[in-house]
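Numbering (this note's numbering), first residue to last: 1022 to 1268.
Think of the CB as a built atom: it goes at the ideal place given N, C-alpha and C, for glycine as much as any other residue.
Below you'll find the structure, written out as structure tokens, and then a few comments.
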Ligand code: OAD
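Structure, rendered in structure tokens:
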């Protein structure tokens, strides 16, 4: 990376950033949950036709995330540190992950594009609540006695619109450094974010392997996120300290 001014950083993380924390990726070995592809249990049609199956899937994922062994790894910690150093005006962190490991590491501003596993939403009222336990087809609404079975995971399913996309594209339009970490570049619209950055933007991809979107990046760093991210953050902090990153 050349020491030029990179005042507006957008970072996109995917399942690869949480893999070393013990959360499986989607397209890794098998990529199946009890024989089902993610698309089969993460869609409005699945929720209509087999709500028990969909709840079982998210109850299992929620429980896995709350396992005391699951902790943020050095990649999450380094990104939280970067936020502390450059501040929220210079860093916009978007994650496709529904886990809360960025927050647990100390990141204050995280745009959860695909929702959050530890929240539920009422399909009738649109209200959102924190949720740590299981959800069933007949779970009562937390405050409305007349509503039962209206709660769903606060997750963006296939065929649904990711959250707050206009904010993302606004950030991408003015972005001077775009970094994608641990994402396979196969699920849109996130896979297309790199294409929405200006021609002058420097784009770095951090991943174990090449992805279909690798050609859109000028710089590729290959290896585990727990090593690559702290190294990159160290470099960015040095540039920042030398005022090469400030606006
Ligand atoms: P994927 O499982 O598709 O891809 C994970 C990527 O992380 C792959 O490119 C791996 O090479 C890379 N990877 C794995 N371990 C890594 C490590 N330790 N360090 C660095 N890279 C590593 O996950 P996503 O791209 O996040 O959507 O998937 C995108 C979306 O597809 C998810 O948000 C989810 C899924 O269907 C919904 O559920 C809507």
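Residue i: CB within 6 Å of a non-hydrogen atom of the ligand OAD
i            : result
residue 1041 : yes
residue 1235 : no
residue 1080 : no
residue 1205 : yes
residue 1059 : yes
residue 1093 : no
residue 1063 : yes
residue 1245 : yes
residue 1213 : no
residue 1177 : yes
Terminal residues of the beta strand (DSSP E) in which residue i lies
i            : result
residue 1150 : 1149-1151
residue 1080 : It is not in any beta strand (DSSP E) - residue 1080 instead sits in the alpha helix (DSSP H) that spans 1072-1086.
residue 1113 : 1112-1116
residue 1187 : Where residue 1187 is concerned, there is no enclosing beta strand (DSSP E), although the alpha helix (DSSP H) it sits in stretches over 1186-1194.
residue 1140 : 1136-1143
residue 1101 : Looking at the DSSP string, residue 1101 is not in any beta strand (DSSP E); the run it does join, the alpha helix (DSSP H), is 1095-1107.
Candidates the options, of which the one nearest residue i by Cα
i            : options                   : result
residue 1039 : 1161, 1031 and 1092       : 1092
residue 1173 : 1131, 1245 and 1138       : 1138
residue 1278 : 1028, 1262, 1171 and 1112 : No answer is possible for residue 1278: it lies beyond the span of the chain, which begins at 1022 and ends at 1268.
residue 1197 : 1184, 1219 and 1176       : 1219
residue 1036 : 1148, 1113 and 1094       : 1094
Span of the alpha helix (DSSP H) around residue i
i            : result
residue 1240 : No alpha helix (DSSP H) holds residue 1240; the beta strand (DSSP E) holding it covers 1240-1243.
residue 1252 : 1246-1262
residue 1278 : No answer is possible for residue 1278: it lies beyond the span of the chain, which begins at 1022 and ends at 1268.
Straight-line gap, residue i to residue j (C-alpha atoms, nearest Å)
i            : j            : result
residue 1056 : residue 1239 : 38 Å
residue 1199 : residue 1074 : 37 Å
residue 1193 : residue 1166 : 43 Å
residue 1032 : residue 1260 : 17 Å
residue 1024 : residue 1227 : Note that residue 1024 scores 46 on pLDDT, short of 50, meaning its location in the model is unreliable and no value can be drawn from it.
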